[in-house]
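Here's the structure we're looking at; comments come further down.
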Amino acid sequence: MQELITNLAPNLASKLPDFYKALGDTLLMVLWSGAISFVLGLALGVLLIVTKPGGILENKVLYQIVDKLVSLFRSIPFIILLTWVMPITRALVGTVLYVRGAIVPLVFGSVPYFTRQVQSALAELDPGLIEAAESMGSSPAEIIFRVYLKESVAAIARGTTITIISLLNLTAMAGVAGAGGLGDFAIRYGHDRNMADITNVTVFVLVLLVCIIEFAGGRVVKKNTH
Amino acid sequence: MIELRNISKDFGSGEKTVHAVRDVSLSIGTGEIFGIIGFSGAGKSTLVRCINLLERPTAGTVTVNGQELMSLPPKELRRARKKIGMIFQHFNLMPSRTVAGNVAYPLKGSGLSKEEIQKKVTTLLELVGIADKADAYPSQLSGGQKQRVAIARALANDPQVLLCDEATSALDPQTTKSILHLLKQLNEALGITIVLITHEMAVVKEICGRVAVMEYGRVVEQGEVFTVFAEPKQGITKSFIHTTSNLQKVEELIAEDSPVTRLQPGELIVRLSYIQRNVNEPIISAVSQLFNVSLNIIFADITIVQDSPIGGTVAIISGERKQITKAIEYLIDKNVGVEVIKDARADY
Chain A
743 MQELITNLAP
753 NLASKLPDFY
763 KALGDTLLMV
773 LWSGAISFVL
783 GLALGVLLIV
793 TKPGGILENK
803 VLYQIVDKLV
813 SLFRSIPFII
823 LLTWVMPITR
833 ALVGTVLYVR
843 GAIVPLVFGS
853 VPYFTRQVQS
863 ALAELDPGLI
873 EAAESMGSSP
883 AEIIFRVYLK
893 ESVAAIARGT
903 TITIISLLNL
913 TAMAGVAGAG
923 GLGDFAIRYG
933 HDRNMADITN
943 VTVFVLVLLV
953 CIIEFAGGRV
963 VKKNTH
Chain D
138 MIELRNISKD
148 FGSGEKTVHA
158 VRDVSLSIGT
168 GEIFGIIGFS
178 GAGKSTLVRC
188 INLLERPTAG
198 TVTVNGQELM
208 SLPPKELRRA
218 RKKIGMIFQH
228 FNLMPSRTVA
238 GNVAYPLKGS
248 GLSKEEIQKK
258 VTTLLELVGI
268 ADKADAYPSQ
278 LSGGQKQRVA
288 IARALANDPQ
298 VLLCDEATSA
308 LDPQTTKSIL
318 HLLKQLNEAL
328 GITIVLITHE
338 MAVVKEICGR
348 VAVMEYGRVV
358 EQGEVFTVFA
368 EPKQGITKSF
378 IHTTSNLQKV
388 EELIAEDSPV
398 TRLQPGELIV
408 RLSYIQRNVN
418 EPIISAVSQL
428 FNVSLNIIFA
438 DITIVQDSPI
448 GGTVAIISGE
458 RKQITKAIEY
468 LIDKNVGVEV
478 IKDARADY
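Going down the list, the protein sequences come from chains A and D.
Just so you know, we're using this note's numbering here: the first sequence kicks off at 743 and counts up by one.
Just so you know, we're using this note's numbering here: the second sequence kicks off at 138 and counts up by one.
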């Protein structure tokens, strides 16, 4: 194995510990910001669906505020968002560097995206199901958990897969701004020091990660489609 | 069981206001099967949703089983809704749950244990005749089977009322019959009051005791199905009845000068309609024997509504002029509606 790497990617072979560290950082960033974004995005997506005009807990003011906020953050390019939220990052985690410092901007970047994914997943649901649940005397909380979420597992899994992959993309940008990770690793060595093999291997690993994420997402979708 | 008083429902406001239901009052008794018929857009679906407040009326009061629903707080309203089952045109089953899971849905939080719920689900599925599909998913069922599951689900909390919103409109005629048969059976076995929305007169004829006809958001005619069928007063009611009868075809045939409607001098075409419950008397052969006239039947359309035959025949009468007049008088005397459609007596 060691020999194979030395032959195929001589530069990488000398930077192996750094490479593993970068991979670990990327995975940590995706995992943490992904988990936080999942919870927040799910909550905001549900909030938008139930408060929309004609929703089960219609609330025009709340809907407009959340909807406009989501649009606002969706429209800021991530690289600008990254610097823009720095004061918040510093206040929350004490630093804007390393994995810790990257999680806040990553969450800001992916929550609006995932919120829209959840919103469209729930909007796809047949309104007849909501009506039927209401006719059976279900409370709004029951309708949210037992109808909206339960009946949209496959669609939400699809949205989650897309969001995690786009998050992986964002971590590369965050990496360049001081977070480390694979993106930073590839730029620093592959590009700046002209070590093409490092870029190639990084790309290969990223493709592999995307494949794994898509496979896992596909399994969840398949299991929940009847 | 259900009292609707001066129900109105508007959608939108200002100039774009749509008056879906206008000042409707209905009183539906316990154990009745009550039909509400109308063309699409007549407001019947909105009206039925006013009964369980899926649509909150703009004005009026809704009383179900002695409980005034409009003034109930949300929690009480949800409790009341559990006693008002509802089924839909497109079934609205939850695709990620099995048949048993769908029927168990409304039972969660009802205080029953897991075993009791399971037992109840089995009983309900047996009641609607689909126990063998308990573990299937809705996507694996036919339309009629889906509606049976929906009925079982609607009955889960032992409701006193079952609202059917176009419940058979997505089904083929044979399946429609079997679902209507099931509803009738449930009505008799459980004493459940059924309100049935439809645009098909055949459905009303099949199982309803009373019917209300809706047009432009108003109930324009209501009464016993037999009476409404026998003596429709409003144009819209007549047009609904014509959809289930072919007695009107004779006019088309006359217009086309079809050979079956060509008359010899002295003959006439009459439409005889049976509007009283006396069709079991052999009226036609009696007329023929008593007055020595012959009746050549072109059309006959007699159906059974509420266990009495209703409908009529279109026939060519020929014979002596005086005898024909007497025969017609006899028929009118026997409460048969006589309508002369084409008369060749003047051609003598």
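From the three backbone atoms N, C-alpha and C, an ideal C-beta is built for every residue, glycine too.
Taking 8 Å as the cut-off between beta carbons, the residues of the stretch 174 to 194 of chain D near chain A are 189 and 191, in sequence order. Note on geometry: alpha-carbon atoms of residue 195 of chain D and residue 148 of chain D lie some 9 Å from one another.
Inclusion of residue 853 of chain A and residue 908 of chain A in the CB contact set at 8 Å is not warranted, their separation being larger than that value. Listed in chain order, the positions of the stretch 886 to 902 of chain A with a beta carbon within less than 9 Å of a beta carbon of chain D are 888, 889, 892, 893, 894, 895 and 896.
Beyond the five residues adjoining it in sequence on each side, residue 294 of chain D comes within less than 8 Å, by CB distance, of 219, 220, 222, 243, 244 and 247 in the same chain, given in chain order. Nearest C-alpha to residue 187 of chain D among D:161, D:268 and D:359: D:161.
When the Cα atoms are used, residue 849 of chain A and residue 773 of chain A turn out to be separated by approximately 11 Å. Counted as a single uninterrupted DSSP element, the alpha helix (DSSP H) harbouring residue 809 of chain A occupies residues 802 to 817. Across the structure, residue 840 of chain A and residue 940 of chain A are spaced so that their CA atoms are roughly 21 Å apart.
One Cα belongs to residue 227 of chain D, the other to residue 870 of chain A, and the distance between them is close to 8 Å. Under the Cβ criterion of 8 Å, residue 353 of chain D is not counted among the residues facing chain A. Between residue 833 of chain A and residue 225 of chain D, the CB-CB gap reaches or exceeds 8 Å.
The criterion of a C-beta distance shorter than 8 Å is satisfied by residue 341 of chain D and residue 362 of chain D. Contacts between residue 215 of chain D and chain A, judged by CB atoms closer than 8 Å, involve 879, 880 and 881 in chain order.
When only Cα atoms are considered, residue 215 of chain D and residue 315 of chain D end up about 31 Å apart.
For the pair residue 334 of chain D and residue 297 of chain D, the CB atoms are not nearer than the 8 Å cut-off. For a Cβ distance threshold of 7 Å, residue set 191 and 229 of chain D lies close to residue 873 of chain A, ordered along the chain. Look at residue 761 of chain A here: in three-state DSSP terms it is helix.
For residue 302 of chain D, DSSP records a beta bridge to D:334. Assignment of alpha helix (DSSP H) within the stretch 835 to 860 of chain A, counting only whole runs of 4 or more residues, yields no such run. In chain order, 788, 791, 864 and 867 place their CB closer than 7 Å to the CB of residue 890 of chain A, counting only its own chain and leaving out the 5 sequence neighbours on each side. Membership of residue 479 of chain D in any alpha helix (DSSP H) is not indicated; the residue belongs instead to the beta strand (DSSP E) covering 473 to 480. Judged by DSSP secondary structure, residue 446 of chain D falls outside any alpha helix (DSSP H) and instead within the beta strand (DSSP E) spanning 445 to 455. Between the alpha carbons of residue 285 of chain D and residue 952 of chain A lies a gap of roughly 45 Å.
Chain-order list of chain D residues neighbouring residue 870 of chain A: 225, 227 and 229, by C-beta distance under 7 Å.
Within chain A, the C-beta atoms nearer than 8 Å to that of residue 218 of chain D come from 876, 877, 878 and 879, in chain order.
Note on geometry: alpha-carbon atoms of residue 259 of chain D and residue 274 of chain D lie some 16 Å from one another. At a cut-off of 8 Å between beta-carbon atoms, residue 445 of chain D makes no contact with chain A. For the pair of segments examined, the stretch 757 to 776 of chain A was found to touch the stretch 898 to 918 of chain A: the number of CB pairs separated by less than 8 Å reaches three. At a cut-off of 8 Å between beta carbons, residue 210 of chain D makes no contact with chain A. At least 8 Å separates the beta-carbon of residue 304 of chain D from that of residue 265 of chain D. Between residue 968 of chain A and chain D, the shortest Cβ-Cβ separation is below 8 Å.
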